[in-house]
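Enquirer:
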Amino acid sequence: MSKTNLTRRGLLRTGAATGAGLALPTIFTSSAHAFTNEPTGDTVTLGFNVPQTGPYAEEGLDELDAYYLAVEHLNGEGDGGALSTFSSKVLDGTGILGKKVTYVTGDTQTKSDA
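Under our numbering, read the sequence shown as residues 24 to 137, first letter to last.
1. Starting from the C-beta of residue 63, find all residues in its chain whose C-beta is less than 6 Å away, skip the five residues before and the five after it, and write them out in chain order.
2. Mind reading off the beta-carbon distance from residue 79 to residue 133? Whole number of angstroms is fine, and I expect it under 8 Å.
3. I'd like to check one pair, residue 116 with residue 98: are the Cβ atoms closer than 9 Å?
4. Going by C-alpha to C-alpha distance, which of 67, 126, 48 and 65 sits closest to residue 92?
5. Between residue 30 and residue 73, how many whole angstroms is the CB-CB distance? I'm expecting something under 8 Å.
6. Does DSSP put residue 99 in a helix, in a strand, or in coil?
7. Let me know the secondary structure DSSP gives residue 64 once reduced to three states.
8. Going by DSSP, name the residue or residues bridged to residue 141.
9. If you follow the beta strand (DSSP E) that residue 129 is in, where does it begin and where does it stop?
10. When burial is assigned at 16 or more other CB atoms within 10 Å of the CB, is residue 42 buried or exposed?
11. For residue 47, which of helix, strand or coil comes out of DSSP?
This is the structure:
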């Protein structure tokens, strides 16, 4: 019977080498970068799916108001609200990647499968 020299360190090294070997080809593919899914056209459309009917309709309306406000801030519309008190250079009112943000809404009807 032969004695196997399997140690914890050897197992960790083998696992790390295997993981690196499997992950390495992904950096060479062009589809591995998230930026290739850049929106085309002049606008970016966001979808907001909130309860607009049913027992949680009031909470859904509050959520929609917050989403509308966020879209206004992204597009540089409105009075700026509390954002004018911050010195953030990230939100400059040019939308997302320089494209105007639009939105569509959906009603969950306070159901999990809607």
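All C-beta atoms in this analysis are idealised placements derived from N, C-alpha and C, irrespective of residue type, glycine included.
Expert: In terms of the structure at hand:
1. Within the sequence shown, numbered from 1, the residue matching residue 63 stands at position 40. There are no such residues.
2. As a position in the sequence shown, residue 79 is number 56, starting the count at 1. As a position in the sequence shown, residue 133 is number 110, starting the count at 1. With 8 Å as the limit, residue 79 and residue 133 qualify as a contact, their Cβ atoms being about 5 Å apart.
3. Against the sequence shown, residue 98 aligns to sequence position 75. Against the sequence shown, residue 116 aligns to sequence position 93. Yes. Within cutoff.
4. Residue mapping note: residue 92 aligns to position 69 of the sequence shown, counting from 1. Residue 126 is the option with its Cα nearest to residue 92.
5. By 1-based counting over the sequence shown, the position of residue 30 is 7. By 1-based counting over the sequence shown, the position of residue 73 is 50. Residue 30 to residue 73, Cβ: 55 Å. No contact.
6. If you number the sequence shown from 1, residue 99 lands on position 76. In the structure shown, residue 99 sits in coil (DSSP, three-state: anything other than H, G, I, E or B).
7. Here the question's residue 64 lines up with position 41 in the sequence shown. DSSP places residue 64 in coil when its eight states are reduced to three.
8. Since the first residue shown for the chain is 24 and the last is 137, residue 141 is missing from the structure and cannot be characterised.
9. In the sequence shown, counting from the first residue as 1, residue 129 sits at position 106. 123-130 is the extent of the beta strand (DSSP E) around residue 129.
10. What you label residue 42 is simply residue 19 of the sequence shown in a count that begins at 1. Classification of residue 42: exposed, given that the 10 Å Cβ count is below 16.
11. Counting from 1 along the sequence shown, the entry for residue 47 is found at position 24. If DSSP states are grouped into helix, strand and coil, residue 47 belongs with the helices.
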